[in-house]
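Trainee: I have a structure I would like to understand better, so I am pasting it below and will then ask my questions one at a time.
Number of protein chains: 2
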Amino acid sequence: MSDLLHTPLHAVNVGVDLFAATLAAQGVPVERVDWRPPLDTLDGALGRLLADPAIDAANQEAAARLLGARPLLVDVRPAHEVIPGMTRRTFLHAGPPIAWEAMCGPMRGAVVGAAMYEGLADTPEAAERLAASGEIEFAPCHEHGAIGPMAGITTWSMPLCVVADAAGDGAVYSAFNEGLGRALRYGANGPDVLDRLRWFRDVFGPLVAAALRGGEPIELRPLFAEAIQMGDECHNRNKALTSLLFRRLAPRLATAGWPSDQAAAALAFIAGNDHFGLNFSMLAGKLAGDAASGVAGSTMVTTMARNGTEFGIRVSGLGGRWFTGPSQIVEGLYFAGYGPADANPDIGDSAITETTGLGAFAMAAAPAIVQFMGGTPADALRHTQTMYEITVTEHDAYRVPILDFRGTPLGIDVRRVLRTGILPVINTGIAHREPGIGQVGAGLVHPPAECFVAAGRAFAARWPAA
Amino acid sequence: MSDLLHTPLHAVNVGVDLFAATLAAQGVPVERVDWRPPLDTLDGALGRLLADPAIDAANQEAAARLLGARPLLVDVRPAHEVIPGMTRRTFLHAGPPIAWEAMCGPMRGAVVGAAMYEGLADTPEAAERLAASGEIEFAPCHEHGAIGPMAGITTWSMPLCVVADAAGDGAVYSAFNEGLGRALRYGANGPDVLDRLRWFRDVFGPLVAAALRGGEPIELRPLFAEAIQMGDECHNRNKALTSLLFRRLAPRLATAGWPSDQAAAALAFIAGNDHFGLNFSMLAGKLAGDAASGVAGSTMVTTMARNGTEFGIRVSGLGGRWFTGPSQIVEGLYFAGYGPADANPDIGDSAITETTGLGAFAMAAAPAIVQFMGGTPADALRHTQTMYEITVTEHDAYRVPILDFRGTPLGIDVRRVLRTGILPVINTGIAHREPGIGQVGAGLVHPPAECFVAAGRAFAARWPAA
């Protein structure tokens, strides 16, 4: 003890930097070791799961299935023609299951708008009464082969893009992206919004369908690979993806047999909407995530989705079960006149992009995005690099030039999230918490830790199977 | 001396690393100082020029004029309608002035093709006889408000894009980019090449003209700024630029009043040609370079151009005078089946992009380009960073995300090239040395040092003016 008090002190600081900083301020040399405690040890089971080569093998199999999907844009069809069991009173929504009473403002606004668009109600008040009556069947898009950004409300007559798997028998569906500003997906439901939905149904959807049927299906995977080399991450930056898709569609739209003013309106709509591509990266992600589902023993996440109230994940080896926690508030840049008090919690199915190697997981490819969501280009690099800590593998087609063409981090491993305490990073638009206002900013958000703890506990309870 | 032999040696190595490496290999500690001798001291005058604040001020003025240009794409017109004094026997070409006898293979091939396209000759042999007869007036594009990639042959009936300056009264002209493969600009002159030129003249040109006249002029500067954030450097990587331009043109092309199959053919032509944008970055560069010309006392380069035999530069304070040296061989990647023995020396007016802050000067923004021209993403960053050593300022609109949105290096200062020995870097396609074959690779090249030495001597001889 007397030695300790009379010899120079050398300290090693493990994990949280608080003590190191205090010592350093007093002139004491400190070695810093980067370490953080596990998020949760699953009552000691985590070590066993991390060391199990059968889980590693199952995750490799799940990742291989994910990477094996080959999304083809083949058609546009009304929802009721492609989604089995859909009725005029089936309303699909983003995220895990939720009842009308628990829905956030933007989702309620979108339900009201969709009810009027479908002719089920004449006024917003009547639409709200209908929604509260129990006569509407609410169900997640994700459980019906569909995917929806923000509120994600998808109903009977909406034209849906059809993406089929050239390497399997899967097919998935999504409505068109409406553009920024007032849009149903943000809970806006005024006449302009409903008019656009009708134009989608009566003109734009059939015209795109005719264009697609007039030629080969459009392979989507090469477009994402190319867009990643053009500064997109294909979630909140879709300029290149939209442009590449437009280059493939435009000549066909002009010769689809529609009057030239309608063809020109369709061309102008896509050309004027930098986010038109988003729904296609979501479709490809949904197709890939579904292909990776159901691998026994896999702890790889196949779905991350939010309904604006809850965030839910699904895990390959745990089937269709959702593991949920409260949706978080997004940290980012707000448009002029708005701030955090206006923000709805995290919402939408678009986190399927991060689930499948795009979005914030690919932000190193898209440093210009920081102008829109805050931070610096170095942060964008760091987000991608950090995600390698919690993922199963790297994408074989989405390669980031500035990282020497390294593939994006792919396939979130629940075990590694629990071990490192590193939560997946998601970049996202921020919806106003009230219906009808729309997007008020963009930024970064994480899932609630509960999802991963609950999924880990469920997995540990049944693995290895008896 | 006996001390020197008996005490440990410590060496300082200035400049060339040869001695340092030898000493280091023998275990001798070496301090390396990065230094290189001037390229040329202009018989001692270089120090005086470098220290002259009047030259600094003139260069700032020239750079401000360059940055002040506001290129607008306004029209497409036949060459003879917009270029004063043009006759059916005026053949404009890339680079500094050159006679038929001195022209390289690809330029001769293009002259032959253009003569047949204009109806001046029925066979290649007749065209060659005509070209050798002295009855063709050859003149640089650059001296007639025009700009031409590779051979750059521009003749009477070709439809030229018209770019006007919204901030001044300048206007500049360029033919359309023909796409890769067999093209007149690479010296190909077969029936397919001439048919495409006729389609440009009879269909595509008038259609684009009608589309442009049907709306506002298209502002080009924001497109380059956006393309730089999308992985283009706008010389050899133009995917984003082409896409952005296409998004603005496509709806207009569909409603320009032409039959839908012709509109669709025009849309498909642009959509299928990743380099369609190149001629527009050259037009904008030409407009800016011309605007910066003629500032007394400025040592800033306003033109770099090559005719495949000679490389020429022009300098703001030295008027229209060319300073030339031999065109160099490009170092890069060759297409399968070709190698350096097939390469024509550096050719074309496209180095106007590097002259005005794009091309290799913006390569940090386009790391994916190394797949096409060799090297690594780190090399791409380095090329841009090195050019800050020899430039007057930074571009105010072309900002590189990965460099924390720093503007690209802009305005080559002859003095700084001479002082540092750093030659401008240019990325470029490689033409086969024989006519008719086309592009055989892509890579990097430098101007011959002679251009800068000659320009420096000419400047020193008349500065300060009496």
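In order, the protein sequence lines correspond to chains Z and A. Just so you know, our numbering puts 125 at position 92 of the first sequence, and the rest follows in order with no gaps. Just so you know, our numbering puts 120 at position 87 of the second sequence, and the rest follows in order with no gaps. All residues carry an ideal CB built from backbone N, CA and C; glycine is no exception. Since the structure is predicted, the reported quantities are computational estimates derived from the model, not experimental observations.
Given a limit of 7 Å on CB to CB distance, which residues of the region 380-405 of chain A reach chain Z?
Mentor: Cβ contacts with chain Z: 400, 401.
Trainee: Identify, in the order they occur along the chain, each residue of the same chain with its Cβ nearer than 7 Å to the Cβ of residue 104/Z, setting aside the five sequence neighbours on each side.
Mentor: For residue 104/Z, where only same-chain residues beyond five positions count, the Cβ hits under 7 Å are 196, 198, 253, 254, 316, 317, 320.
Trainee: If you draw a straight line from the alpha carbon of residue 117/Z to that of residue 53/Z, how long is it in whole angstroms?
Mentor: Rounded to whole angstroms, residue 117/Z to residue 53/Z spans 60 Å at the Cα level.
Trainee: Using the C-alpha atoms, what's the distance from residue 205/Z back to residue 113/Z?
Mentor: Approximately 13 Å, taken between the alpha carbons.
Trainee: In angstroms with no decimal places, state the Cα-to-Cα distance between residue 171/Z and residue 131/Z.
Mentor: For residue 171/Z and residue 131/Z, the distance between alpha carbons rounds to 7 Å.
Trainee: Taking the beta carbon of residue 162/Z as the centre, do at least 16 other beta carbons fall within 10 Å, making it buried, or is it exposed?
Mentor: Exposed: under 16 other Cβ atoms inside 10 Å.
Trainee: Would the beta-carbon of residue 288/Z fall within 8 Å of that of residue 299/A?
Mentor: No.
Trainee: Could you give the distance in angstroms between the alpha-carbon of residue 88/A and the alpha-carbon of residue 493/A?
Mentor: Answer to the nearest angstrom: the Cα atoms are 11 Å apart.
Trainee: Does the structure place the region 358-372 of chain Z close enough to the region 222-233 of chain Z that three or more beta carbon pairs sit under 8 Å?
Mentor: They do not touch, by the three-pair rule.
Trainee: So with Cβ pairs under 8 Å, would you call residue 284/Z a contact of chain A?
Mentor: Yes, its Cβ sits closer than 8 Å to a Cβ of chain A.
Trainee: So, helix, strand or coil for residue 194/A, using DSSP?
Mentor: In the structure shown, residue 194/A sits in a strand (DSSP, three-state: E or B).
Trainee: Rounded to a whole number of angstroms, what is the C-alpha to C-alpha distance between residue 143/A and residue 165/A?
Mentor: Between residue 143/A and residue 165/A, the C-alpha separation is close to 14 Å.
Trainee: Measuring CA to CA, which of 293/A, 58/A, 444/A, 94/A is closest to residue 390/A?
Mentor: Ranking 293/A, 58/A, 444/A, 94/A by Cα distance to residue 390/A puts 444/A first.
Trainee: Taking buried to mean at least 16 other C-beta atoms within 10 Å of its own C-beta, is residue 343/Z buried or exposed?
Mentor: Buried: at least 16 other Cβ atoms inside 10 Å.
Trainee: Mapping the DSSP letters down to three states, classify residue 326/A as helix, strand or coil.
Mentor: In this structure, residue 326/A counts as coil in the three-state DSSP scheme.
Trainee: Mind listing the chain Z neighbours of residue 409/A? Cutoff is C-beta to C-beta under 8 Å, in chain order.
Mentor: Per Cβ cutoff of 8 Å: 437.
Trainee: What separation, rounded to the nearest whole angstrom, lies between the Cα atoms of residue 220/Z and residue 141/Z?
Mentor: Approximately 7 Å, taken between the alpha carbons.
Trainee: Mind listing the chain A neighbours of residue 262/Z? Cutoff is C-beta to C-beta under 7 Å, in chain order.
Mentor: Correct list: 264, 401.
Trainee: First and last residue of the beta strand (DSSP E) that includes residue 346/Z?
Mentor: Looking at the DSSP string, the run of the beta strand (DSSP E) that includes residue 346/Z is 343-348.
Trainee: Taking Cβ-Cβ distances below 7 Å as the criterion, which residues of the region 287-317 of chain A are in contact with chain Z?
Mentor: Of all residues in the region 287-317 of chain A, 287, 288, 293, 294, 296, 297, 300, 301, 304 have a Cβ within less than 7 Å of some Cβ in chain Z.
Trainee: Quick check on residue 244/Z - is its C-beta less than 8 Å from some C-beta in chain A?
Mentor: By this cut-off, residue 244/Z is not an interface position.
Trainee: Taking the alpha-carbon positions, what's the residue 188/A to residue 222/Z distance?
Mentor: When rounded, the distance between both Cα atoms is 57 Å.
Trainee: Using a C-beta to C-beta distance shorter than 7 Å, which residues of chain A count as neighbours of residue 166/Z?
Mentor: Simply none; closest approach about 44 Å.
Trainee: For residue 280/A and chain Z, any beta-carbon pair shorter than 8 Å?
Mentor: Yes, because at least one Cβ of chain Z sits closer than 8 Å to the Cβ of residue 280/A.
Trainee: On the three-pair Cβ rule with 8 Å, is the region 462-475 of chain A touching the region 415-433 of chain A?
Mentor: These segments do not touch.
Trainee: Which residue marks the beginning of the beta strand (DSSP E) containing residue 443/Z, and which one marks its end?
Mentor: Residue 443/Z -> beta strand (DSSP E) spans 439-445.
Trainee: Nearest CA to the CA of residue 469/A: which residue from 145/A, 259/A, 408/A?
Mentor: The shortest Cα separation from residue 469/A among 145/A, 259/A, 408/A belongs to 145/A.
Trainee: Our contact map puts residue 83/A next to residue 490/A with C-beta atoms below 8 Å; I'd like the distance itself, whole angstroms only.
Mentor: Not really, about 15 Å apart at Cβ, beyond 8 Å.
Trainee: Against residue 273/Z, what residues of chain A qualify as contacts under a CB-to-CB distance less than 9 Å, listed in chain order?
Mentor: Chain A residues near residue 273/Z: 263, 264, 272, 273, 276.
Trainee: Under DSSP, the beta strand (DSSP E) around residue 428/Z begins and ends at which residues?
Mentor: First-last of the beta strand (DSSP E) with residue 428/Z: 424-433.
Trainee: Please name the residue in 337/A, 376/A, 210/A, 149/A whose C-alpha comes closest to that of residue 480/A.
Mentor: For residue 480/A, the nearest C-alpha among the options comes from 337/A.
Trainee: Could you tell me which of 241/A, 314/A, 56/A sits nearest to residue 290/A, measuring between CA atoms?
Mentor: The shortest C-alpha separation from residue 290/A is found at 241/A.
Trainee: In terms of residue numbering, what span does the alpha helix (DSSP H) encompassing residue 52/Z cover?
Mentor: Per DSSP, residue 52/Z belongs to the alpha helix (DSSP H) from 51-58.
Trainee: For a contact meaning CB atoms closer than 9 Å, what does residue 434/A contact in chain Z?
Mentor: Under the 9 Å cutoff, chain Z gives 264, 399, 400, 401, 402, 403, 404, 410, 413.
Trainee: Under three-state DSSP, which class holds residue 219/Z?
Mentor: Helix.
Trainee: Taking the beta carbon of residue 156/Z as the centre, do at least 16 other beta carbons fall within 10 Å, making it buried, or is it exposed?
Mentor: Result: exposed.
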